[in-house]
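Asker: Structure incoming, see below.
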Amino acid sequence: MIFCFGNSHVSIFSGTDKMVPIWPERSVDTLPWFRTFRLGACTAYQAMKWIKEIITITKQGSIGFNREKDTLLLVFGEVDIRAHVALQAEKQNKFISTVTLEIVDRYCEAISLLKSEGFNVAVFGCVAGFVLKDGDTRPPWPYFGTIEQRNGATKIFNDSVGDFCKKIGVPFISVFEEMLEDDGITTKIRYLDMDIGKCHINNRMLAIVLWKFRDIGLIPWEDIIAPYEVGECRF
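The opening residue of the sequence shown carries number 4 in this note's numbering; numbering runs sequentially from there.
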């Protein structure tokens, strides 16, 4: 079983196309491989704090976590990039890339700690930034920076975290590139949940998400995933 911990972007792993509630309220999880635990608007910058809470939650017998067999999937980063990176770059007179890499360093420290504690760890990359529908002027969440700045920071974040995970033997899964238009920087709006927050991936992405997990062995190859492939984005 894959236990997904992090911000609201764990919702895709429920399979419901709805935002899951904040823990300790339990999610309705319809995919047989995942259990979701939304911790709130948690950031990668403060990941070490959240890692301690995650470890505490795994010790609760009611969730059925098996340390030897199960995997902890970390889902952090979108809040940092959407609301903090460009803002802090301006406040501190730093490059966006510099601020992003400072976040990466702290996040990777937390990932490394979990692995050193003997947990099976995997990381889900940050998704592309939200865009508004034509005529929609009200942003769904607090944000700072242009879509070009936010998606540029997302690429730096994912590339850097992915490289670190590869070095320490932690699976890293991302659908960021699949979410971009041909220009390589603008988000494809059809992959966003325009009804429940406008910045989360919707079930059109579910097929490729499942296949990516299967491709690296986190979903067993013998398992049948066709009944859950409701998405349009595929290899």
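All residues carry an ideal CB built from backbone N, CA and C; glycine is no exception.
Taking the alpha-carbon of MET182 as reference, which of PRO145, GLU71, ASN154 has the nearest alpha-carbon?
Answerer: It is ASN154 whose Cα lies nearest to the Cα of MET182.
Asker: Thinking just about the alpha-carbon of each residue, which of SER65, PHE122, TYR48 is nearest to the one in LEU76?
Answerer: Residue PHE122 is the option with its Cα nearest to LEU76.
Asker: Could you pull out every residue in the same chain whose Cβ sits closer than 7 Å to the Cβ of LEU117, ignoring the five residues on either side in sequence?
Answerer: Cβ neighbours of LEU117 beyond the five flanking positions: ILE54, LEU75, VAL124.
Asker: Can you list, in chain order, the stretches of the alpha helix (DSSP H) that have 4 or more residues and sit fully within the segment 33-69?
Answerer: For the segment 33-69, whole alpha helix (DSSP H) runs of length 4 or above, ordered along the chain, are 50-61.
Asker: Please report the straight-line C-alpha distance between VAL13 and SER100, rounded to a whole angstrom.
Answerer: Cα to Cα, the separation comes out at about 25 Å.
Asker: With 16 other CB atoms within 10 Å as the buried threshold, where does PHE98 fall?
Answerer: Exposed.
Asker: For the candidate residues PHE6, VAL130, THR59, whose alpha-carbon lies nearest to that of PHE79?
Answerer: Cα-wise, what sits closest to PHE79 is VAL130.
Asker: Quick test of the definition: if touching needs 3 or more C-beta pairs under 8 Å, does the segment 104-116 touch the segment 166-183?
Answerer: Segments in contact, yes.
Asker: Below 8 Å on the Cβ atoms is my contact criterion, and I expect THR190 with PHE133 to pass it. Report the Cβ-Cβ distance as a whole number of Å.
Answerer: Confirmed, Cβ separation roughly 7 Å.
Asker: Between the segment 31-40 and the segment 4-18, do three or more beta carbon pairs fall short of 8 Å?
Answerer: Short answer: they touch.
Asker: What separation, rounded to the nearest whole angstrom, lies between the Cα atoms of LYS52 and ILE114?
Answerer: Looking at the two C-alpha atoms, the distance is approximately 12 Å.
Asker: Please list the segments of the alpha helix (DSSP H) lying wholly inside the segment 101-186, counting only runs of 4 or more residues, in order along the chain.
Answerer: Counting whole runs of 4 or more residues, the segment 101-186 contains the alpha helix (DSSP H) stretches 150-171.
Asker: With a threshold of 16 other CB atoms inside 10 Å of the CB of GLY172, please say whether the residue is buried or exposed.
Answerer: The residue in question, GLY172, is exposed, as its Cβ has fewer than 16 Cβ neighbours within 10 Å.
Asker: Tell me the rounded alpha-carbon separation between GLN91 and GLN49.
Answerer: Near 15 Å, if we compare the C-alpha coordinates of GLN49 and GLN91.
Asker: Would you tell me roughly how many angstroms separate the C-alpha atoms of ILE66 and PHE216, rounded to the nearest one?
Answerer: Their Cα atoms are separated by approximately 22 Å.
Asker: Taking the alpha-carbon positions, what's the ILE227 to GLN95 distance?
Answerer: Taking the straight line joining both Cα atoms gives about 50 Å.
Asker: Based on DSSP bridge pairs, tell me the residues matched to PHE8.
Answerer: Answer by DSSP bridge pairing, in chain order: PHE40, LEU77.
Asker: Between PHE68, VAL88, ILE58, MET197, which has its C-alpha nearest SER119's C-alpha?
Answerer: Among PHE68, VAL88, ILE58, MET197, the Cα nearest to that of SER119 is on ILE58.
Asker: Can you tell me whether PRO223 is buried or exposed, with buried defined as 16 or more other CB within 10 angstroms of its CB?
Answerer: That one is exposed.
Asker: Cβ of LEU183 within 7 Å of any heavy atom in the ligand FAD?
Answerer: Summarising the ligand content, the structure contains no ligands, and the ligand FAD is consequently not present.
Asker: For LEU221, name the three-state secondary structure that DSSP assigns.
Answerer: In this structure, LEU221 counts as coil in the three-state DSSP scheme.
Asker: Are LEU221 and PRO174 touching if we call contact CB-CB under 8 Å?
Answerer: Their beta carbons are under 8 Å apart, which means LEU221 touches PRO174 by this criterion.
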